[in-house]
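Notes follow the structure.
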Amino acid sequence: MRVVVLGSSSAGNSTFVEINNIKFLIDAGLQFGYLKEKLHDIDVNPKDLDFIIVTHAHIDHVRCIHSFNRIYNIPIYISIDTLNEYPKKDCLKDIVLLDDLDNIMGIKFDKVPISHDKKGFGFIFEYNNISLAYMADTGMIHSKFHDKFKNKTVYLFESNHDVEMEMNGTKDLMTKLRNIGDMGHLSNEDCAMYLSHFIGENTKVVMLIHISDHDNTHELAYNVNRKSLNDSIKLYLSNKDSLSDIIEIN
């Protein structure tokens, strides 16, 4: 397995994953030219992507899925609710609805609903005893889905904001309350709490994603979450406009 976060913030999100020679993106919310450049930086030709899987329809997650779909004929795996909320759905071709799927090209995957102001999913991918859990843009994770997340090899989890920085920031009050609420984003403490509950003996790496530019710092996100992890688990942080560390699991 190879995983690289190509960019992650409120401005845009996309993650490259390779499992068993299957190459795909989780979301394509960055500018088209930037995303192409970052793929080439990790020696991936965009035309060699096997598919893009979409979490939800906010622009920072879907900004250029139609361009990759049209120019490179890349299939888009998307839920029916997200498709209906996507404003350029009439531009898409080769759509695969993922609602009833549990396997993509031999990779087992599971879906966990996000708690957000758009409908959507986090994903868990598994192949040959290696697993990747991806969860962002959610204010909480319902307890009935917790078992799905336990003891995965790699976690890409949102550590969006520091609550004090969020509430003392310049956003309007409604936006602040939305962001810290159950339909918003996970705080550093939320992320650490969930990780402490989910990680297990098979866990090797955690990557923190969707870190706020204005209402968090990388240092805060790292320090809060580091305390929840065993020393043997590597902890990385994604960046807004540069590649993350490369995760490679054999």
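Under the numbering used here, the first residue of the sequence shown carries the number 125, and numbering increases by one thereafter.
Positions of the beta carbon are idealized from the N, C-alpha and C atoms, including for glycine.
Using only the alpha-carbon positions, how far apart do residue i and residue j sit?
i, j, result
"residue 252", "residue 167", "25 Å"
"residue 133", "residue 310", "13 Å"
"residue 147", "residue 289", "37 Å"
"residue 157", "residue 317", "37 Å"
"residue 218", "residue 200", "7 Å"
"residue 221", "residue 235", "13 Å"
"residue 331", "residue 164", "22 Å"
"residue 125", "residue 227", "17 Å"
"residue 322", "residue 313", "14 Å"
"residue 230", "residue 171", "20 Å"
"residue 371", "residue 211", "33 Å"
"residue 361", "residue 368", "7 Å"
"residue 187", "residue 154", "6 Å"
"residue 190", "residue 216", "6 Å"
"residue 359", "residue 374", "18 Å"
"residue 198", "residue 233", "19 Å"
"residue 149", "residue 356", "28 Å"
"residue 244", "residue 176", "15 Å"
"residue 349", "residue 315", "7 Å"
"residue 308", "residue 340", "15 Å"
"residue 240", "residue 161", "30 Å"
"residue 97", "residue 282", "Nothing can be reported for residue 97: it is not among the residues displayed for the chain, which extend from 125 to 374."
"residue 336", "residue 284", "5 Å"
"residue 80", "residue 325", "With the chain covering 125 to 374 only, the question about residue 80 has no answer from this structure."
"residue 127", "residue 195", "24 Å"
With respect to the beta strand (DSSP E) encompassing residue i, which residues constitute its N-terminal and C-terminal limits?
i, result
"residue 126", "126-133"
"residue 142", "136-143"
"residue 243", "Premise fails: residue 243 is in no beta strand (DSSP E) and is neither H nor E."
"residue 351", "Premise fails: residue 351 is in no beta strand (DSSP E) and is neither H nor E."
Per DSSP, which residues does residue i bridge with? Please list them.
i, result
"residue 257", "248, 279"
"residue 336", "In the DSSP output, where bridge partners are listed per residue, residue 336 has none listed."
"residue 358", "329"
"residue 295", "Partner(s): none; residue 295 has no beta bridge."
"residue 149", "140, 176"
"residue 371", "127"
"residue 375", "What is shown of the chain runs 125 to 374, which leaves residue 375 out entirely."
"residue 228", "231"
Would you give the residue range spanned by the alpha helix (DSSP H) that residue i belongs to?
i, result
"residue 232", "Unbroken run through residue 232 is the beta strand (DSSP E), 231-237; no alpha helix (DSSP H)."
"residue 163", "156-165"
"residue 183", "183-186"
"residue 270", "270-273"
Would you say the segment 169-187 touches the segment 204-224, given that touching needs at least three Cβ pairs under 8 Å? yes
Do the segment 285-299 and the segment 261-268 make contact, defined as three or more Cβ pairs closer than 8 Å? no
If you pair each beta-carbon of the segment 341-359 with each one of the segment 138-150, do three or more pairs fall below 8 Å? no
Would you be able to state if there are at least three C-beta pairs under 8 Å between the segment 275-283 and the segment 297-305? no
Would you list, in sequence order, the uninterrupted beta strand (DSSP E) runs of no fewer than 3 residues that lie entirely inside the segment 196-226? 200-202, 219-221
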